[in-house]
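Trainee:
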Amino acid sequence: MLTQKRGPSDKGPDTGLDSEDDIEDDVKNISKQKKPSIVFKTRFTLNGKHYAEIHEIFQMSEKSFGTYQFVVYGNGDRITYTKEVEAYDDDGNQVIIKPAPQIAQQKLDRIFENDSFEFLKFPPGPINYTSEYELYLQIRNFIHKYAQVREEDEALLPLWTMKATLFDILRETSFPLIHIIAPYGKGKSRLLQTMTEITPYGFYLINLSAAPLKRVSQLYSPILYVDEKGQMDNETTALINSKFNRNSVYLNADKEIQRGFSALIGYKLYGPMAMAGRTPFRDDAIESKSFQIDQNFELTREDIPRKIKGEILEEFEREGLEIRGKLLQFRINWCEKINSIQSSKFLQKYESHLEPRLFEIISFFEDIIEIIPELKKDFTKMLEYQIIRNVEVAKDTANGLIASTLLSIIGNAENTIQYEIGGREFAGIYLSSVYEEVGQNYAKQTGKILSALGLKTERPRIKLTRKGKNEEEEEYFKRLSVVRLPDEVKLKELKQRYDPEFVKEELARISQDDQTSLDDEDDEDNEKGDSVNKEEVNRKTLQQKEESSTISHSPHSPLSPNTNSNVTQESEKSYAQNNDWQYFKVKESFSFRKYTYQKGNISKFPVVEAGKFIEKGFLELPCPHGQIWDPTSKECIVIAKGGIESESH
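Each residue of the sequence shown is one higher than the one before, counting from 6 in the working numbering.
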């Protein structure tokens, strides 16, 4: 553990004079004094202060000069800057912490303009932004400007980038990966380069290799963007799991073990990583740790630059640098608050309907959504798209192919057989029927995959029939390989992970439950009486009625009282609370009591129910104060003394 200050040792009362023994000890200590150790870091926390490396560029005489230093923040103090930090380890040895140098670049290289490319995207000094929502939109607009992405993915990527800026201070056990899947020529590399440019400490590289990656991660803690990830071997699997799981450490044996040095060296690789490739990983466990970005569609937008060069490159880098500065300010603003955000639990409704790992992935954004509440309405659409996409990708893996094949065979009762083992009866299907569907390429792997899925394969003695010598049916027994049918719990688990249609039905059920819950809440409100919102709506309704008294007999007024009845003020108020209908503008589509209200329409709705829907953002009054809606002319009628005027709404 490092500390910034170390007091002198207490050797007894100070007489103000040094003895000969003290002087001799001081001489020995000076002769043994070591040079301070130099440590390079990009981000760290020491004694309650946070440090983040920045790269400031200065323009002098038509030449750019850059300097690396730390921005210092925390504890509510003002932001300061320093070029190095002095500290001491537990043994009292001095340690100097310096900003990490640029990757693959020495100090002398910066003399030459062509050698000054920023491989690791350090942020500049912090840049203020208007709001977190404005920052989100700026990131999204940048991605939209330089890369073509599906709308749902375009909504997700800025959120992932914002949270990646905070990853090292999050109290979470995992950080979901990004996996971009598409054939050649579908914009995977452009998307990765675009995201790298706006990410503080973003680093773009080709393929995964253990030796350099573990050292880069140890020194820089970068947010990695890996293009053409290649296929997995055991080493790659370990690397990816180490990036996802905070508690994992990548271990190497030390070759100096025989000389008494430490036996193991551990590398901490945990952190955000986005990968691009042409096919899913063979292991769907890796896919289950990732947000899936689908780039397999026709690129039709002509406004995206085909090549980023010249003035376009300058603009690309300038905009990216500004966003990195704002994301650094976002980190400063939230580094001490992000872990204390209380989730609204609005994602809990998905928990019982989804596979556990998938729910862990989607709940990753709960805190960032609380920071940017403006996104909550659109978040559900993005979330459900990502849920279905994740299951579709899982279905395309080797495990998914076997699982989905098995599910389709189980769905046909003719494929089910009964057999007995140890006096107990079981149901199953022939393993050969699975082979026939998946092909011989997977025949050798099927048994292992079924075991990995938690399904039991057996070779019981099966009773069969055949024609005997006299063409008569006779029974005989033969050992055949079968897959035991899973129980209902296991069957649901497989469907949640590998059956997109089942998941779509579950999401539709969640939506239906939400609507039922909303209707139930409305019924409860009716029993409890008027809420504050209902009183406000009724007040405005009655006020409009009073203002429209001069046109109360107009056939165009939706609130015209019955002229044959003698309505007092109290009875009119009671009528508004229980029976009155009024025109409202539908802000978001919804269903209520067997009716569907479409977004953008102006429809009649019971006043007594309207408060709840106004509060939830589904309804609003169609006209400004002092006007009422005329359904015949489809305009707002302006109420004026001595008559009415019309004003288009």
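From the three backbone atoms N, C-alpha and C, an ideal C-beta is built for every residue, glycine too.
Just so it is clear, the structure is predicted and the values come from calculations on it, not from any experiment.
Just to confirm, are Lys592 and Glu625 a CB contact at a threshold of 7 Å?
Mentor: The answer is yes: Cβ separation under 7 Å.
Trainee: Alpha helix (DSSP H) containing Tyr141: first to last residue?
Mentor: 137-151
Trainee: Would you identify the three-state DSSP class for Leu326, choosing helix, strand or coil?
Mentor: Helix, per DSSP.
Trainee: Hey, would you say Ala105 sits closer than 7 Å to Tyr225, going by beta carbons?
Mentor: yes
Trainee: Can the beta-carbon of Glu480 be found less than 7 Å from the beta-carbon of Thr470?
Mentor: yes
Trainee: Suppose the cutoff is 7 Å on Cβ atoms and the five residues either side in sequence are ignored; what does the same chain contact list for Ile317 look like?
Mentor: Excluding positions up to five away in sequence, the list reads Pro310.
Trainee: Quick check on Gly433: does DSSP put it in helix, strand or coil?
Mentor: strand
Trainee: Evaluate Arg5 with the Cβ neighbour count: other Cβ atoms within 10 Å of its Cβ, from every protein chain shown; 16 or more gives buried, anything less gives exposed.
Mentor: A question about residue 5 goes unanswered here, because the residues of the chain that appear run from 6 up to 654.
Trainee: For Phe180 and Leu512, what's the separation of their Cα atoms in angstroms?
Mentor: 24 Å
Trainee: Under the three-state reduction of DSSP, which class applies to Ile346: helix, strand or coil?
Mentor: Correct three-state label for Ile346: coil.
Trainee: Can you list, in chain order, the stretches of the beta strand (DSSP E) that have 3 or more residues and sit fully within the stretch 157-240?
Mentor: 182-186, 207-211, 228-232
Trainee: Work out the CA separation of Ile328 and Gln74 for me, nearest whole Å.
Mentor: 19 Å
Trainee: Counting only the same chain and skipping the five closest in sequence on each side, list residues whose C-beta sits under 6 Å from that of Arg264.
Mentor: With a pLDDT of 48 at Arg264, under the threshold of 50, the modelled position of this residue cannot be trusted; read the value that follows with caution. Answer for Arg264: no residue qualifies.
Trainee: Between the alpha carbons of Leu161 and Tyr390, how many angstroms are there, rounded?
Mentor: In a straight line, the C-alpha of Leu161 is about 10 Å away from that of Tyr390.
Trainee: Suppose the cutoff is 8 Å on Cβ atoms and the five residues either side in sequence are ignored; what does the same chain contact list for Gly191 look like?
Mentor: According to the sequence provided, residue 191 is Lys. The question's Gly does not apply to it. The residues are Gln300, Asn301, Phe302, Leu304.
Trainee: Grab me the residues of Gly79's own chain with a C-beta within less than 8 Å of its C-beta, minus the 5 sequence neighbours each way, in chain order.
Mentor: Thr50, Gly53, Lys54, His55, Cys340, Glu341
Trainee: Express the C-alpha separation of Gly622 and Val398 in angstroms, rounding to a whole number.
Mentor: 35 Å
Trainee: By Cβ distance below 7 Å, which residues in the same chain neighbour Asn606 in space, the five residues on each side in sequence not counted?
Mentor: Cβ neighbours of Asn606 beyond the five flanking positions: Val591.
Trainee: Excluding five sequence neighbours on each side, which residues of the same chain lie with their C-beta closer than 6 Å to the C-beta of Tyr272?
Mentor: Lys219, Gln223, Tyr255
Trainee: Can you tell me the Cα-Cα spacing of Val439 and Gln423, whole angstroms?
Mentor: 17 Å
Trainee: Would you grab the beta carbon distance between Pro227 and Leu164 for me? Rounded to a whole angstrom, and I think it's under 8 Å.
Mentor: With a Cβ gap of about 19 Å, Pro227 and Leu164 do not count as contacting.
Trainee: Find the nearest neighbour of Tyr275 within the set Ile367, Thr178, Asn146, judged by alpha-carbon distance.
Mentor: Checking every option, the nearest Cα to that of Tyr275 belongs to Thr178.
Trainee: Among Asn404, Ile374, Glu157, which residue has its Cα nearest to the Cα of Gln297?
Mentor: Closest by alpha carbon: Glu157.
Trainee: So Trp586 packs on Lys609, CB below 8 Å; how close in whole Å?
Mentor: That pair is a contact at about 5 Å.
Trainee: Ordered along the chain, which non-local residues of its own chain (more than five positions away) have a Cβ less than 7 Å from that of Thr72?
Mentor: Glu61
Trainee: Can you tell me whether DSSP reads Thr451 as helix, strand or coil?
Mentor: helix
Trainee: For Phe507, which option in Thr402, Leu412, Gln143 has the closest C-alpha, if you only look at C-alpha atoms?
Mentor: Leu412
Trainee: With distances taken between CB atoms, is the gap from Ile144 to Thr166 smaller than 7 Å?
Mentor: The answer is yes: Cβ separation under 7 Å.
Trainee: Could you tell me which residues DSSP pairs with Lys483 in its beta bridges?
Mentor: Ile467
Trainee: Return the CA-CA distance between Pro627 and Val396, expressed in angstroms with no decimal places.
Mentor: C-alpha of Pro627 to C-alpha of Val396: approximately 42 Å in a straight line.
Trainee: Cβ atoms of Val488 and Gly433: under 7 Å apart, would you say?
Mentor: In terms of Cβ geometry, Gly433 and Val488 form a close pair [threshold 7 Å].
Trainee: Would you kindly work out how many angstroms separate the C-alpha atoms of Gln632 and Phe589, rounded to a whole number?
Mentor: 13 Å
Trainee: Please go through the same chain and pick out, in chain order, the residues whose beta-carbon is closer than 8 Å to the beta-carbon of Thr421, but skip the five residues on each side of it.
Mentor: Ile415, Ala432, Gly433, Ile434, Leu490
Trainee: Using CA atoms only, rank isn't needed, just tell me which of Glu430, Ala403, Phe597 is closest to Ser456.
Mentor: Ala403
Trainee: On a Cα-Cα basis, can you pick out the residue from Met200, Val100, Glu441, Pro465 that is closest to Glu430?
Mentor: Pro465
Trainee: Taking DSSP as the reference, what is the three-state secondary structure of Tyr503?
Mentor: helix
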